[in-house]
Amino acid sequence: MRNPLRSEAEAYRFLGVVIVGAAVIIAAAYINTWLGVAAAVLVFAWLGWWLMHDSTP
Amino acid sequence: MYLFIASEIMLFGSFFTAYFFVRIVNGVPWPTPPYELPVFVATINTFILMTSSATMHWATTSIKRGNVWGMRAGLLLTFLMGLSFLIGQLYEYMRVGFNTSDGAFPTIFFCLTGLHSCHVFIGLAILAFMTIRAWRGHFSAEHHHGVEIGGIYWHFVDVMWIVVFTTVYIL
């Protein structure tokens, strides 16, 4: 499991991931509220996958 | 570290629960008419805070490569941008046109943004110590744990702002 607060570089990467996720939710919610809700569910699922998937050896 | 994350999630989680209760369960329009949120100032503040994360990352990568002046410049810029954010937030509070006594919406607004501002204030205090230590030559390519930990905290504060900004100001 990936720890986003393990190092400064990892925390910075996590910030980038959160910004992208927030941008997707905002864009979807701008089109339609329920599309925004669906995007939020997908983004949280993706975030969960990203946290569980540790690329470091 | 895990206890810190858990306590922060619970702290912000309690305020977000109140926010979602007021907005969704209670069915109150957000922001409650006739009030308006200063989205433009908050957007400028968001860009300032995100840029400060980039300069913080620059400071950390610089010291890892032994570039002391890069670290000093990065830390100083991060501190100045964090201070700009806090001043911008205070300016927003003074001009927003409502107060905590005006209902549930202003109360939640001030609680959520105020809680985050408290974290920024703590981050600024940490950054001030880091900058002073950097100028005194306490960090090197081998010994820079203080910069690393401060950087993690600063990025965490920025992550929380993205969540607060998205939910309170944009959505």
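Line order of the protein sequences matches chains A and B. Numbering-wise (the numbering used here), the first sequence opens with residue 1 and increments by one. Numbering-wise (the numbering used here), the second sequence opens with residue 58 and increments by one. Heads up, the beta-carbon is just placed ideally off N, CA and C, and yes, glycines get one too.
Count the other CB atoms within 10 Å of the CB of V229 of chain B; is the residue buried (16 or more) or exposed (fewer)? The question about residue 229 of chain B has no answer, for chain B in this structure spans 58 to 228.
To be precise: take each residue of the stretch 14 to 33 of chain A, compare its Cβ to all Cβ atoms of chain B, and keep it if any distance is under 8 angstroms. Which residues remain? The stretch 14 to 33 of chain A vs chain B, Cβ under 8 angstroms: F14, L15, V18, I19, A22, I25, I26 and A29.
Three-way DSSP call (helix, strand, coil) for M1 of chain A in this model: M1 of chain A: coil per DSSP, three-state reduction.
Collapsed DSSP secondary structure at E10 of chain A in the structure displayed: Of the three classes helix, strand and coil, the one that applies to E10 of chain A here is helix, per DSSP.
For V24 of chain A, which three-state DSSP category applies? In this structure, V24 of chain A counts as helix in the three-state DSSP scheme.
Rounded C-alpha distance that separates R193 of chain B from F162 of chain B: If I take the Cα positions, the gap works out to 46 angstroms.
Do the stretch 117 to 124 of chain B and the stretch 195 to 212 of chain B meet, that is, are 3 or more Cβ pairs less than 8 angstroms apart? In short, these stretches touch, since the Cβ pair count reaches three.
Evaluate the contact criterion for the stretch 212 to 228 of chain B versus the stretch 69 to 85 of chain B: three or more CB pairs, one atom per stretch, below 8 angstroms. Verdict: yes, contact present.
Does L35 of chain A come within less than 9 angstroms of chain B when only Cβ atoms are used? So, not an interface residue.
Boundaries (first-last residue) of the alpha helix (DSSP H) holding L134 of chain B: First-last of the alpha helix (DSSP H) with L134 of chain B: V125 to R152.
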